[in-house]
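Enquirer:
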Amino acid sequence: MPLDMPSKEILVIGVNHKTAPVEVRERLALNQMENPPIKLFWELPSVREVVFLSTCNRVEVIAGVKDYSSAKDEIVDIWTKVAQVPTENFLKSTYIYKGKEAIRHVFRVASSLDSMVVGEPQILGQLKSAYRTAHELGCSGQILNKLMHKAFSVAKKIRTETRIASQAVSISYAAVELAKKIFGDLSGKSAMLIGAGEMAELAAQHLITNGISELKVANRTLERAIELSKTLGGEAISLAEVEDALIEVDIVISSTGAPGFVVKKEQIQKIMRPRRHRLLFFIDIAVPRDVDPEINDIENCYVFDIDELKEVVEENKAERQKEAVKAERIIDSEIIKFKSWLSSLDIVPVIRGLQEKAESIRKKELTKTLKNLKNLDEKELKAIEKLTQSLVSKILHDPIIFLKKGNSENKEEALVMISKIFSLNGINERQETLKKQSHSCEDTDKKASTNGQF
Amino acid sequence: MTEFLLHLTLIAYILATAGFLVNLITLRKDVEKFATYFLWAGLFIHTLSILLRWMSSGHPPIVSFHEVFSFLAWALCLAFLLFQMGHKLKALGAFISPIITLVTILSVIQPKKILPLPPVLQSYWLPIHASISLISYALLTMSFCISIMYLIQERQIKKKRLGAIFKRLPSLQTLDTMAEKCLKIGFPFLTLGIITGSIWAEKAWGAYWSWDPKETWSLITWLLYAALLHQRLTVGWRGKRSAYMTIIGFLALLFTFIGVTYFLPGAHSYAS
Chain F
1 MPLDMPSKEI LVIGVNHKTA PVEVRERLAL NQMENPPIKL FWELPSVREV
51 VFLSTCNRVE VIAGVKDYSS AKDEIVDIWT KVAQVPTENF LKSTYIYKGK
101 EAIRHVFRVA SSLDSMVVGE PQILGQLKSA YRTAHELGCS GQILNKLMHK
151 AFSVAKKIRT ETRIASQAVS ISYAAVELAK KIFGDLSGKS AMLIGAGEMA
201 ELAAQHLITN GISELKVANR TLERAIELSK TLGGEAISLA EVEDALIEVD
251 IVISSTGAPG FVVKKEQIQK IMRPRRHRLL FFIDIAVPRD VDPEINDIEN
301 CYVFDIDELK EVVEENKAER QKEAVKAERI IDSEIIKFKS WLSSLDIVPV
351 IRGLQEKAES IRKKELTKTL KNLKNLDEKE LKAIEKLTQS LVSKILHDPI
401 IFLKKGNSEN KEEALVMISK IFSLNGINER QETLKKQSHS CEDTDKKAST
451 NGQF
Chain Y
1001 MTEFLLHLTL IAYILATAGF LVNLITLRKD VEKFATYFLW AGLFIHTLSI
1051 LLRWMSSGHP PIVSFHEVFS FLAWALCLAF LLFQMGHKLK ALGAFISPII
1101 TLVTILSVIQ PKKILPLPPV LQSYWLPIHA SISLISYALL TMSFCISIMY
1151 LIQERQIKKK RLGAIFKRLP SLQTLDTMAE KCLKIGFPFL TLGIITGSIW
1201 AEKAWGAYWS WDPKETWSLI TWLLYAALLH QRLTVGWRGK RSAYMTIIGF
1251 LALLFTFIGV TYFLPGAHSY AS
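This is the structure we're talking about:
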């Protein structure tokens, strides 16, 4: 039974969109390297396990280490050297977390609480793929495996238990959410772009991903309309055809630079009958406005202009912040659970050492005694065997319970003390050698995860 | 025993209503699930109570106000549960379950004595006519509820109040389609109810149609719903206008169902 000595201490060093400009983040991402950059950190002597996370908003090294300060120095040293960033600059723009704060940071990143737009879900996928890479290269071990899986489950819990991601926080997305509240299912619906601005394009893209089946693009210059309709997969029409198209479409996104209204109230009043009163939704993101706001008064017509959409977005952002508070609470409680798992890792080898030592003494003394007692029958032999066994287990019972149940503050002390009292030093040495073995062998992870099952 | 069962039913319905309202406020899915279970339990006990009353009275229990309300609540509950199985229209429970509860309470507070059936009513047309009519009432009540939801949601979007109410109600188009669906099933039942009624009238009184207030009002109701459906299908009426029409139709229905008996007594008054 191999004793697996965990790296135990967790260290996070990294930069994100708040602490470092994009030039620095780009450099630290180490994209130019031939080997995966994770290898670089993996080979450091104090680093036991490592995950390297690199996205457009953050670059982080998450490591399980033997000892904070030496690991920190080694990581900073090699990172600055390879990325060619001066050390002071590096230290100025990085954050370094250890222990509990490192755990918190990883949980927050996974749950998108540390993201530029709080609640955006991409980061979880990015973290998962960073972990997969580390896992495939054999760079993650018992501690980081557990930490990552816990982070993923925390993120999922936060997603389901809070409404952190349920609110649209960009204008184009808010427009799509509104469309869904009007039309329900967007499949089978058709949309028209009037004017081909960037934001209109984005909104159109959102509509397409949400299942819209037909798209028309009208623009002052037909070339641009054709170009855009090609990229989006729609049909280009001229501005003159807009009025007829209005009879067909369900959603209109307008973003022309025209000084007056492009869509007038009389026009819409006229077309509602040929439309058979089907609902018509205008998203007006032009300034000055393209769509007469009075169209909103026509039955079954809904007009939202850019200010109204912005208001929706602001409210949603505020809502997300509120939900983020709930999420932090969930994280707090998950950190406690993870910490208690971590500290349980220390106890096991000590308990096992204690038991092994007692057992070897028992056996040795038993054979010695039995050598002198030759006339015993089987029953008596058994009784003596039993006596020694129960002596050992009764004596060890209290210290083991103490180790298992002792509160976490003086646990470390207790561990050291008990190791000293029973002179269990041998254990630590053995763990060292095992650690080295596992460091070099590729299936560290399997072993670690089977060991992590208690 | 029947009375005890009906009280038990009422308790289940009240719990379900509370659950749906809590779900509406907190959006907790588990509460909604329990509310639905309570409704199913209520429906089961309710069915037992109706069957028991049928056995002890010897005629279908759709004669007195007490029985009619009880049957209507039962039909409404069944219609809602079947509808939800297929469509899962969110927040509908919070609108329908209070009505189910209310109708059950109306039933409970009516005199419950079993009365001997007047000779005119002793016909197999009684259960056919009455149950078909009451089923149509249940379906049209559903479409009324959905239309109310439509008008609330429509107002939220028009006024650009995209707060808690907006988030909790389904989309406009979904509401409109579902209201139409209930209407399209409810209306044939209403028609059938009137036809069976008139056949029965011919058997009992010798004339298919005698312009008795109940008959007149059910014709008015029928015409309102017919006009609405016609406009929906030909001109493409939908949304707000259709929702208002549905509500007007429902008010006429309500008057036909209860009002006529109180204000314009005729041959149709329920036994009491």
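Protein chains in written order, with our numbering: chain F, 1 to 454; chain Y, 1001 to 1272. The beta-carbon is built from N, C-alpha and C at its ideal position, and this holds for glycine as well.
(1) Could you check the C-alpha separation between residue 175/F and residue 258/F for me, to the nearest Å?
(2) I want to check one thing, is the minimum distance from the CB of residue 345/F to the heavy atoms of the ligand PLP below 7 Å?
(3) Any idea if residue 350/F is buried or exposed, counting beta-carbon neighbours within 10 angstroms, 16 or more meaning buried?
(4) Could you give the DSSP three-state label for residue 194/F: helix, strand or coil?
(5) Under 8 Å between C-beta atoms, does residue 1157/Y make it to chain F?
(6) Please state whether DSSP places residue 1159/Y in a helix, a strand or coil.
(7) Which term fits residue 1073/Y, buried or exposed, when burial requires 16 or more other beta carbons within 10 angstroms of its beta carbon?
(8) Does DSSP put residue 1012/Y in a helix, a strand or coil?
(9) Can you tell me which of the three DSSP states residue 128/F falls into?
(10) Check for me: the beta strand (DSSP E) holding residue 48/F runs from which residue to which?
(11) From what residue to what residue does the beta strand (DSSP E) around residue 12/F run?
(12) Work out the CA separation of residue 1176/Y and residue 1243/Y for me, nearest whole Å.
(13) Are at least three pairs of beta-carbons, each pair with one atom in the segment 1159 to 1175 of chain Y and one in the segment 1108 to 1118 of chain Y, less than 8 Å apart?
(14) Can you look up residue 282/F in the DSSP assignment and give me helix, strand or coil?
(15) According to DSSP, is residue 1208/Y helix, strand or coil?
(16) Taking residue 1015/Y as the reference, which of 1051/Y, 1002/Y, 1049/Y, 1094/Y has the closest Cα?
(17) Within its chain, find whatever has a CB closer than 6 Å to the CB of residue 306/F; leave out the 5 residues flanking it on each side and keep chain order.
(18) Rounded C-beta distance between residue 1048/Y and residue 1005/Y? I'm assuming under 8 Å.
(19) Where does residue 183/F sit, in a helix, a strand or coil, going by DSSP?
(20) Is the CB of residue 104/F under 8 Å away from at least one CB in chain Y?
(21) Mark residue 398/F as exposed unless 16 or more other C-beta atoms lie within 10 angstroms of its C-beta, in which case mark it buried.
(22) Of the choices 107/F, 116/F, 328/F, 234/F, whose alpha-carbon is the least far from that of residue 10/F?
(23) List the endpoints of the continuous beta strand (DSSP E) containing residue 304/F.
(24) Using the beta-carbon of each residue, which ones in chain C are nearer than 7 Å to residue 320/F?
(25) Which stretch, first to last residue, makes up the beta strand (DSSP E) that contains residue 59/F?
(26) When the Cα of residue 140/F is compared with those of 52/F, 424/F, 403/F, 294/F, which residue comes out closest?
(27) Between the Cα of residue 1102/Y and those of 1063/Y, 1071/Y, 1201/Y, 1188/Y, spot the shortest distance and give me the residue it belongs to.
(28) Would residue 127/F and residue 327/F qualify as a contact pair, given that the criterion is a beta-carbon distance under 8 Å?
(29) Could you pull the start and end residues of the beta strand (DSSP E) that residue 189/F belongs to?
(30) Pull up the distance between the alpha-carbon of residue 1062/Y and that of residue 162/F, whole angstroms please.
(31) I'd like the list of long-range same chain contacts for residue 200/F, defined as Cβ closer than 7 Å, with 5 residues on each side in sequence excluded.
(32) Could you check the C-alpha separation between residue 496/F and residue 329/F for me, to the nearest Å?
(33) Between which two residues does the alpha helix (DSSP H) harbouring residue 392/F extend?
(34) For residue 1097/Y versus residue 1020/Y, is the C-beta distance shorter than 8 Å?
(35) Can you tell me whether residue 1226/Y is helix, strand or coil according to DSSP?
(36) For the segment 202 to 274 of chain F, list the alpha helix (DSSP H) runs that are entirely contained and at least 4 residues long, ordered along the chain.
Expert: In terms of the structure at hand:
(1) Between residue 175/F and residue 258/F, the C-alpha separation is close to 21 Å.
(2) Among the components modelled here there is no ligand, and therefore nothing to report on the ligand PLP.
(3) buried
(4) strand
(5) yes
(6) coil
(7) By the 10 Å Cβ count, residue 1073/Y comes out buried.
(8) helix
(9) helix
(10) Boundaries of the beta strand (DSSP E) around residue 48/F: 47 to 54.
(11) 9 to 16
(12) 8 Å
(13) No contact exists between the segment 1159 to 1175 of chain Y and the segment 1108 to 1118 of chain Y.
(14) In this structure, residue 282/F counts as strand in the three-state DSSP scheme.
(15) coil
(16) The shortest C-alpha separation from residue 1015/Y is found at 1094/Y.
(17) 285
(18) 6 Å
(19) Residue state, collapsed to three classes: helix.
(20) no
(21) With fewer than 16 other Cβ atoms within 10 Å, it is exposed.
(22) Of the candidates 107/F, 116/F, 328/F, 234/F, the one whose C-alpha sits nearest the C-alpha of residue 10/F is 107/F.
(23) 301 to 305
(24) Annotation note: the requested chain C is absent from the structure, which comprises protein chains F and Y.
(25) 58 to 65
(26) Proximity to residue 140/F across 52/F, 424/F, 403/F, 294/F peaks at 52/F, based on C-alpha coordinates.
(27) Out of 1063/Y, 1071/Y, 1201/Y, 1188/Y, 1071/Y has the C-alpha closest to the C-alpha of residue 1102/Y.
(28) no
(29) Neither: residue 189/F is in no beta strand (DSSP E) and is coded neither H nor E.
(30) 49 Å
(31) 193, 253, 255, 285
(32) The displayed coordinates of chain F run from 1 to 454. Any statement about residue 496/F would go beyond what the structure contains.
(33) 378 to 405
(34) Cβ distance < 8 Å, so residue 1097/Y and residue 1020/Y count as in contact.
(35) helix
(36) 222 to 232, 242 to 248, 265 to 271
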